[in-house]
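**Student:** Here it is, the structure, as structure tokens.
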Amino acid sequence: MEIIKVKDYEAMSEEACAFLVERINRFENPVLGLATGSTPEGLYKRIIEKYNQNEVSFKQVKSFNLDEYVGLEKEDPNSYYYFMKDKLFDHVDITLDNVRVPNGVAADLKEECETHEAAMKAAGGIDIQLLGIGANGHIGFNEPGTPFTSTTHVVDLDESTIEANSRFFNSIEEVPTQAISMGIDTIMRSKEILLLVSGENKAEALAKLINGEVTEDVPASVLQNHANVTVIADEAALSVIN
Ligand code: F6R
Numbered sequence: 404m405e406i407i408k409v410k411d412y413e414a415m416s417e418e419a420c421a422f423l424v425e426r427i428n429r430f431e432n433p434v435l436g437l438a439t440g441s442t443p444e445g446l447y448k449r450i451i452e453k454y455n456q457n458e459v460s461f462k463q464v465k466s467f468n469l470d471e472y473v474g475l476e477k478e479d480p481n482s483y484y485y486f487m488k489d490k491l492f493d494h495v496d497i498t499l500d501n502v503r504v505p506n507g508v509a510a511d512l513k514e515e516c517e518t519h520e521a522a523m524k525a526a527g528g529i530d531i532q533l534l535g536i537g538a539n540g541h542i543g544f545n546e547p548g549t550p551f552t553s554t555t556h557v558v559d560l561d562e563s564t565i566e567a568n569s570r571f572f573n574s575i576e577e578v579p580t581q582a583i584s585m586g587i588d589t590i591m592r593s594k595e596i597l598l599l600v601s602g603e604n605k606a607e608a609l610a611k612l613i614n615g616e617v618t619e620d621v622p623a624s625v626l627q628n629h630a631n632v633t634v635i636a637d638e639a640a641l642s643v644i645n
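Read left to right, the sequence shown gives residues 404 to 645 (our numbering).
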């Protein structure tokens, strides 16, 4: 695992942008695994800048998102599909037919999970998976206790995750209680992983991920078993380790 320490959120976003742009330009048909949340927002902003400066193109990119809330339509401003359109897809030359965010309103959610897995496989697997981390150590929506063998599945969200994500909703009651998420095994099958971590509230989780025991109680700890992980973390996120 390579750990790149940067000063703050802005520096993390800058470094992550350079990392991703280099790979998108290097691969003929890049397959990206994408994340939502506050962590990658700065990265997406910078990637759009690079696109506007003709330094990167998404014409050949396929992308798969990690997760989506159950029950939210694509048009719902709190859906992850909407987030991706708003923060990235609408501003670059990606073909919407080449992006896949799990469908949280599918009639058969289990079938939707299988379709997401099959589509990733058909694309040749994920080249670069972008991840954030929850303060409880979750990756994707894989909460503590999720089996390392899990593939894309429907999850019941932890109280702490519902609370953390309520900042985007009018009230905590509006936060969906379930989501579809790539599983731990799905994430581990990606060829390369880029984990971004910013802020003191992630410091405990990051310390456990780097130095702790590999255990299903800390989902992110599984990344110790992956051969090609880069962590870009700011000083606050690394404050517990140093
Ligand atoms: C988002 C995702 C989540 C977030 C994590 C951190 O697609 O899968 O695991 O990466 O909850 O969220 P933020 O970045 O908002 O702190």
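Just so it is clear, CB atoms sit at the ideal spot from N, CA and C, and this is done for glycine as well.
Note that the structure is predicted; figures quoted are calculated from it, not measured.
On the three-state DSSP scale, how would you describe His629?
**Tutor:** Position 226 of the sequence shown, counted from the start, is the residue given in the question as residue 629. His629: coil per DSSP, three-state reduction.
**Student:** Given 7 Å as the limit, tell me if Ala640 has its C-beta closer than that to any heavy atom belonging to ligand 1.
**Tutor:** For the purposes of this step, residue 640 is taken as the residue at position 237 of the sequence shown. No, the Cβ of Ala640 stays beyond 7 Å of every heavy atom of ligand 1.
**Student:** Assuming contact is defined by CB atoms lying nearer than 8 Å, are Leu612 and Ser624 in contact in what I supplied?
**Tutor:** One-based indexing of the sequence shown puts residue 612 at position 209. One-based indexing of the sequence shown puts residue 624 at position 221. Closer than 8 Å, so yes.
**Student:** Between which residues of its own chain and Asp530 is the CB-CB distance below 8 Å, once the five residues before and five after are set aside?
**Tutor:** As a first step, residue 530 must be located in the sequence shown, where it is residue number 127. Excluding sequence neighbours, Asp530 sits near Arg426, Phe430, Pro433, Val434, Leu435, Ser593, Lys594, Glu595.
**Student:** Look at the alpha carbon of Lys410 and the alpha carbon of Met591, and state the distance between them as a whole number of angstroms.
**Tutor:** Numbered from its first residue, the sequence shown carries residue 410 at position 7. Numbered from its first residue, the sequence shown carries residue 591 at position 188. Whole-angstrom Cα-Cα distance: 28 Å.
**Student:** Just reading off the alpha helix (DSSP H) that Asn545 is part of, what are its end residues?
**Tutor:** Locating residue 545 in the sequence shown gives position 142, where the first residue counts as 1. Looking at the DSSP string, Asn545 is not in any alpha helix (DSSP H), and its letter there is neither H nor E.
**Student:** Check whether the Cβ atoms of Ser553 and Ile583 sit closer than 8 Å, and answer yes or no.
**Tutor:** Here the question's residue 553 lines up with position 150 in the sequence shown. Here the question's residue 583 lines up with position 180 in the sequence shown. No, they are not a contact pair.
**Student:** Quick check: the stretch 442 to 453 against the stretch 595 to 609, are at least 3 beta-carbon pairs closer than 8 Å?
**Tutor:** Touching, per the Cβ criterion.
**Student:** Cβ atoms of Leu560 and Phe544: under 8 Å apart, would you say?
**Tutor:** Within the sequence shown, numbered from 1, the residue matching residue 544 stands at position 141. Within the sequence shown, numbered from 1, the residue matching residue 560 stands at position 157. Yes.
**Student:** Pick out the complete alpha helix (DSSP H) segments inside the stretch 404 to 477, 4 residues or longer, and give them in chain order.
**Tutor:** The qualifying runs are 412 to 429, 444 to 455.
**Student:** On the criterion of 16 or more Cβ atoms from any shown chain inside 10 Å, does Asp470 qualify as buried, or is it exposed?
**Tutor:** The sequence position of residue 470 within the sequence shown is 67, counting from 1. It is buried - the Cβ of Asp470 has at least 16 other Cβ atoms within 10 Å.
**Student:** Lys408 to Tyr483, Cα distance in whole Å?
**Tutor:** Numbered from its first residue, the sequence shown carries residue 408 at position 5. Numbered from its first residue, the sequence shown carries residue 483 at position 80. Using only the alpha carbons, I get a separation of about 28 Å.
**Student:** Give me the Cβ distance between Tyr472 and Glu478, rounded to the nearest whole Å; I'm assuming they're in contact under 8 Å.
**Tutor:** In the sequence shown, residue 472 corresponds to position 69, counting from 1. In the sequence shown, residue 478 corresponds to position 75, counting from 1. Not a contact, Cβ separation roughly 13 Å.
**Student:** Just to confirm the assignment, what range does the alpha helix (DSSP H) spanning Ser563 have?
**Tutor:** Translated into the one-based positions of the sequence shown, residue 563 becomes position 160. Run containing Ser563: 562 to 568, per the alpha helix (DSSP H) assignment.
**Student:** Find the nearest neighbour of Ile497 within the set Ser466, Val424, Asp637, judged by alpha-carbon distance.
**Tutor:** As a position in the sequence shown, residue 497 is number 94, starting the count at 1. Taking only the C-alpha atoms, the option nearest Ile497 is Ser466.
**Student:** Are the beta-carbon atoms of Val495 and Phe551 separated by less than 8 Å?
**Tutor:** Numbered from 1 along the sequence shown, position 92 holds the residue referred to as residue 495. Numbered from 1 along the sequence shown, position 148 holds the residue referred to as residue 551. No, Cβ-Cβ distance for Val495 and Phe551 is not below 8 Å.
**Student:** Name the DSSP bridge partner or partners of Glu595?
**Tutor:** As a first step, residue 595 must be located in the sequence shown, where it is residue number 192. In the DSSP output, where bridge partners are listed per residue, Glu595 has Ile531.
**Student:** Could you check which residue in Met415, Glu405, Asn501, Pro622 has the C-alpha nearest to that of Asn468?
**Tutor:** Numbered from its first residue, the sequence shown carries residue 468 at position 65. Selected option, being the one with the closest Cα: Asn501.
**Student:** What's the gap between the Cα of Glu515 and the Cα of Ala610?
**Tutor:** Along the sequence shown, one-based indexing puts residue 515 at 112. Along the sequence shown, one-based indexing puts residue 610 at 207. Computed Cα separation, rounded: 34 Å.
**Student:** Which class does Ser642 belong to by DSSP, given the choice of helix, strand or coil?
**Tutor:** Position 239 of the sequence shown holds residue 642. DSSP places Ser642 in coil when its eight states are reduced to three.
**Student:** Any heavy atom of ligand 1 inside 7 Å of the beta-carbon of Ile635?
**Tutor:** The residue you call residue 635 lines up with position 232 of the sequence shown. No - ligand 1 has no heavy atom lying nearer than 7 Å to the Cβ of Ile635.
**Student:** Does the beta-carbon distance from Asn628 to Val617 come in below 8 Å?
**Tutor:** Taking the sequence shown and counting its residues from 1, the one referred to as residue 628 is at position 225. Taking the sequence shown and counting its residues from 1, the one referred to as residue 617 is at position 214. Yes, the Cβ-Cβ distance between Asn628 and Val617 is below 8 Å.
**Student:** Straight-line CA distance for Val632 to Leu597?
**Tutor:** Translated into the one-based positions of the sequence shown, residue 632 becomes position 229. Translated into the one-based positions of the sequence shown, residue 597 becomes position 194. Distance between the alpha carbons of Val632 and Leu597: 6 Å.
**Student:** Tell me which residues share the same chain as Ile451 and place their Cβ nearer than 8 Å to its Cβ, disregarding the 5 neighbours each side in the sequence.
**Tutor:** As a first step, residue 451 is located in the sequence shown; it is residue number 48 there, counting from the start. Correct list, in chain order: Leu491, His494, Val495.
**Student:** Would the beta-carbon of Pro579 fall within 8 Å of that of Gly474?
**Tutor:** To locate residue 579, count along the sequence shown from 1; it is residue 176. To locate residue 474, count along the sequence shown from 1; it is residue 71. Taking 8 Å as the Cβ cut-off, Pro579 and Gly474 qualify as a contacting pair.
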